[in-house]
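Right, one structure below, let's go through it.
In this note's numbering, the protein residues as written are 0 to 399.
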């Protein structure tokens, strides 16, 4: 029993294959007091219920304030407010304009062009690291396309965005920040505001233009709202998208029958994306904090205690999913929690789905003989609540 053997949900040894442990936890101790002095919840019903429980809240704001720190706190505060139902509607309305059918179609074309330009640079012989040469630059480029970052600013955007995104989750998890992170964030904020000013002269079919036009239409947006919304898509579209794309490639290469099934009919991609999200969720855990006492099963969670909701464990719960450890791209009944649930449902989910579909389709169309090199895989390097590959060595990038 786990009662007398507390485990560490962020242990490096779990990164390669955490699912056997998750299965045991669901059976024996579904609300487990872990070595992180936090409750680890693993059953689908409990995770889904707690994601809608108003006695839990998300993350923590940086402790320090004053000067640039105060500015950072205000922006992150607006970002976190987007998670709450009572503050969602206005900014979500703006994002819906960006994800209208016409805007999505325009974004698909730009993402396809971006994918092809990256694949053009692949060597025909030898191995290539798919994380650094494809998943990472494609994810950053996708955010740039969504926001509408001008082409001549794209290189600077990717450099600033990667610096900020790489440190954002640790800042929120620990509730404190550093001067160096604040300085990087300030540079990124200044960059975004300069891009927004350019949209006043040359609006397009992108998020920044939608925000600018909303202000002209009598729906003024404060500076912190604009920056917060940009952070939402950076947070959703950088580390998560990189991990999801590379993890999906690995999963498909390990399941050639499912890859062949997908290749037979490109229209199967939407259901495939949902199953890949369930099977290898890039977000392993959602961290919440209780601000009032609550009970889950036989456990009592005290106010102030941290609650780690294991999305990855919930997505393999046999009480919800038939044969949960089997990858089935034809699966239809798929209420996975990879994007969260309720007020914690990810605003960037449409972008993540779109990016992954375009990235996978382009890659396997161009390189149908793609295969793993057999080299050992390395996991980790990102925030502990996420799971992703450091490298993914593949070969077979010659043209068909």
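For every residue, glycine included, the Cβ atom is placed at its ideal position computed from N, Cα and C.
Q.
Taking the alpha helix (DSSP H) that residue 329 belongs to, which residues open and close that run?
A. Mapped onto the chain shown, residue 329 falls at position 330. No alpha helix (DSSP H) contains residue 329, which DSSP labels as neither H nor E.
* **DSSP-derived helix/strand/coil call for residue 132** => Working through the chain shown from its first residue, we reach residue 132 at position 133. Here DSSP, grouped into helix, strand and coil, assigns residue 132 to helix.
Q.
Quick test of your reading: residue 148 and residue 353, contact by CB under 8 Å. State the CB separation rounded to the nearest angstrom.
A. Translated into the one-based positions of the chain shown, residue 148 becomes position 149. Translated into the one-based positions of the chain shown, residue 353 becomes position 354. Contact between residue 148 and residue 353 does not hold, since their C-beta atoms are separated by about 17 Å, which reaches or exceeds 8 Å.
Task: Distance, residue 288 Cα to residue 305 Cα - done: What you label residue 305 is simply residue 306 of the chain shown in a count that begins at 1. What you label residue 288 is simply residue 289 of the chain shown in a count that begins at 1. Taking the straight line joining both Cα atoms gives about 4 Å.
Through-space distance from residue 301 to residue 204, alpha-carbon basis
Locating residue 204 in the chain shown gives position 205, counting from the first residue. Locating residue 301 in the chain shown gives position 302, counting from the first residue. Each residue's Cα considered, the two are about 47 Å apart.
Measuring only the C-alpha atoms, how far is residue 370 from residue 121? For the purposes of this step, residue 370 is taken as the residue at position 371 of the chain shown. For the purposes of this step, residue 121 is taken as the residue at position 122 of the chain shown. Separation of residue 370 and residue 121 (C-alpha to C-alpha, rounded to the nearest whole angstrom) is 14 Å.
- Kindly give me the distance between the Cβ atoms of residue 271 and residue 328, rounded to whole angstroms, as I take these residues to be in contact under 8 Å. As a working note, residue 271 is residue 272 in the chain shown. As a working note, residue 328 is residue 329 in the chain shown. Contact holds; Cβ gap of about 4 Å.
| request: Determine the direct distance from the alpha carbon of residue 196 to that of residue 110, and round the result to whole angstroms. | output: As a position in the chain shown, residue 110 is number 111, starting the count at 1. As a position in the chain shown, residue 196 is number 197, starting the count at 1. Residue 110 and residue 196 have their C-alpha atoms spaced approximately 24 Å apart.
Checklist entry - Is it the case that the Cβ atoms of residue 351 and residue 243 are separated by a distance below 8 Å? => result Position 352 of the chain shown, counting from 1, holds the residue named residue 351. Position 244 of the chain shown, counting from 1, holds the residue named residue 243. Residue 351 is a Cβ neighbour of residue 243, given a cutoff of 8 Å.
Fill in: Classification of residue 314 by the beta-carbon crowding that lies within 10 angstroms, buried from 16 upward
Your numbering for residue 314 matches position 315 in the chain shown. Residue environment analysis places residue 314 among the buried positions, since at least 16 neighbouring C-beta atoms fall within 10 angstroms of its C-beta.
Practice item. Indicate whether residue 257 and residue 385 have their beta-carbon atoms separated by less than 8 Å. Key: Sequence index remark: in the chain shown, residue 257 carries index 258 (1-based). Sequence index remark: in the chain shown, residue 385 carries index 386 (1-based). Taking 8 Å as the Cβ cut-off, residue 257 and residue 385 do not qualify as a contacting pair.
Requested in this report: Would you mind working out which of 113, 54 and 57 sits nearest residue 361, comparing C-alpha positions?
Outcome: Taking the chain shown and counting its residues from 1, the one referred to as residue 361 is at position 362. It is 113 whose Cα lies nearest to the Cα of residue 361.
Exercise. How far does the alpha helix (DSSP H) with residue 280 in it reach, from first residue to last?
Worked result: Numbered from 1 along the chain shown, position 281 holds the residue referred to as residue 280. No alpha helix (DSSP H) holds residue 280; DSSP gives it neither H nor E.
Practice task
Grab the span of the beta strand (DSSP E) containing residue 337 for me, first residue to last.
Solution key: Taking the first residue of the chain shown as position 1, residue 337 is located at position 338. It is not in any beta strand (DSSP E) - residue 337 carries neither H nor E in the DSSP assignment.
task = Provide the residue(s) that pair with residue 37 in DSSP beta bridges, ordered along the chain.
result = For this step, residue 37 is matched to residue 38 along the chain shown. Looking at the DSSP assignment, residue 37 forms a beta bridge with 305.
Could you tell me how far apart the beta carbons of residue 312 and residue 41 are, in whole angstroms, since I believe they sit closer than 8 Å?
Along the chain shown, one-based indexing puts residue 312 at 313. Along the chain shown, one-based indexing puts residue 41 at 42. With a Cβ gap of about 4 Å, residue 312 and residue 41 count as contacting.
| message | Tell me which residues share the same chain as residue 308 and place their Cβ nearer than 7 Å to its Cβ, disregarding the 5 neighbours each side in the sequence. | response | The residue you call residue 308 lines up with position 309 of the chain shown. Only 40, 46, 49, 50, 284, 285 and 287 meet the Cβ criterion.
ask   = Applying the criterion that 16 or more other CB atoms from any shown protein chain within 10 Å of the CB defines a buried residue, is residue 184 buried or exposed?
value = Position 185 of the chain shown, counted from the start, is the residue given in the question as residue 184. Buried.
Check: How is residue 151 classed by DSSP in three states: helix, strand or coil?
Finding: Here residue 151 refers to the residue found at position 152 of the chain shown. DSSP places residue 151 in helix when its eight states are reduced to three.
Worksheet entry | Terminal residues of the alpha helix (DSSP H) in which residue 245 lies | Your numbering for residue 245 matches position 246 in the chain shown. From DSSP, the alpha helix (DSSP H) with residue 245 extends over 238-253.
- prompt: Could you give the C-beta distance for residue 247 and residue 355, rounded to a whole number, given that I count them as a contact under 8 Å?
  reply: Reading the chain shown from its first residue, position 248 is the one you call residue 247. Reading the chain shown from its first residue, position 356 is the one you call residue 355. Beta-carbon to beta-carbon, residue 247 and residue 355 are separated by about 6 Å, close enough to satisfy the 8 Å threshold.
Measuring straight from C-alpha to C-alpha, what distance separates residue 227 and residue 188? Translated into the one-based positions of the chain shown, residue 227 becomes position 228. Translated into the one-based positions of the chain shown, residue 188 becomes position 189. Each residue's Cα considered, the two are about 10 Å apart.
### Query
Would you report the Cα separation of residue 179 and residue 163, rounded to the nearest angstrom?
Reading the chain shown from its first residue, position 180 is the one you call residue 179. Reading the chain shown from its first residue, position 164 is the one you call residue 163. About 10 Å.
* Taking all protein chains shown into account, do 16 or more other C-beta atoms lie within 10 angstroms of the C-beta of residue 239, making it buried, or fewer, making it exposed? -> Start at 1 with the first residue of the chain shown, and residue 239 comes out as number 240. Burial call: buried.
>> At the level of alpha carbons, what is the spacing between residue 254 and residue 391?
In response: Sequence index remark: in the chain shown, residue 254 carries index 255 (1-based). Sequence index remark: in the chain shown, residue 391 carries index 392 (1-based). Note on geometry: alpha-carbon atoms of residue 254 and residue 391 lie some 16 Å from one another.
query = Alpha carbon to alpha carbon, how far is residue 367 from residue 396?
reply = Sequence index remark: in the chain shown, residue 367 carries index 368 (1-based). Sequence index remark: in the chain shown, residue 396 carries index 397 (1-based). Rounded to the nearest angstrom, the two C-alpha atoms are 8 Å apart.
Do the CB positions of residue 127 and residue 310 come within less than 8 Å of each other?
Position 128 of the chain shown, counted from the first residue, corresponds to residue 127. Position 311 of the chain shown, counted from the first residue, corresponds to residue 310. In this structure, residue 310 does not lie closer than 8 Å to residue 127 by Cβ.
* Under a Cβ-count criterion, where at least 16 other Cβ atoms within 10 Å of its own Cβ denotes burial, should residue 273 be classed as buried or exposed? -> In the chain shown, the residue the question calls residue 273 occupies position 274. Buried, by the Cβ-count rule.
From 316, 269, 32 and 326, residue whose alpha carbon lies closest to that of residue 44:
As a working mapping, residue 44 is identified with position 45 in the chain shown. It is 316 whose Cα lies nearest to the Cα of residue 44.
- Task: Give me whichever residues DSSP pairs with residue 392 in a beta bridge.
- Result: What you label residue 392 is simply residue 393 of the chain shown in a count that begins at 1. Answer is 128, bridged to residue 392.
Exercise. According to the neighbour-count rule (16 or more other Cβ atoms, all chains shown, within 10 Å of its Cβ), is residue 331 buried or exposed?
Worked result: As a first step, residue 331 must be located in the chain shown, where it is residue number 332. Per the 10 Å Cβ criterion, exposed.
- Task: Using 10 angstroms around the beta-carbon of residue 150, count the other beta-carbons present and answer buried if the total reaches 16, otherwise exposed.
- Result: Against the chain shown, residue 150 aligns to sequence position 151. The residue is exposed, with fewer than 16 neighbouring Cβ atoms inside 10 Å.
ask   = Secondary structure at residue 51, three-state DSSP: helix, strand or coil?
value = On the chain shown, residue 51 is found 52 positions in, with the first residue counted as 1. Reduced to three states, the DSSP call for residue 51 is coil.
Grouping DSSP H, G and I as helix and E and B as strand, with all else coil, what is residue 65?
Residue mapping note: residue 65 aligns to position 66 of the chain shown, counting from 1. Its pLDDT being 40, under 50, residue 65 is placed unreliably in this model, and the value from its coordinates should be taken loosely. If DSSP states are grouped into helix, strand and coil, residue 65 belongs with coil.
Rounded to a whole number of angstroms, what is the C-alpha to C-alpha distance between residue 7 and residue 269? Taking the first residue of the chain shown as 1, we reach residue 7 at position 8. Taking the first residue of the chain shown as 1, we reach residue 269 at position 270. Approximately 34 Å, taken between the alpha carbons.
query: Can you name, in chain order, every residue of its own chain whose Cβ lies under 7 Å from the Cβ of residue 379, other than the five neighbours on each side?
result: Your numbering for residue 379 matches position 380 in the chain shown. The answer, listed in chain order, is 11, 14 and 389.
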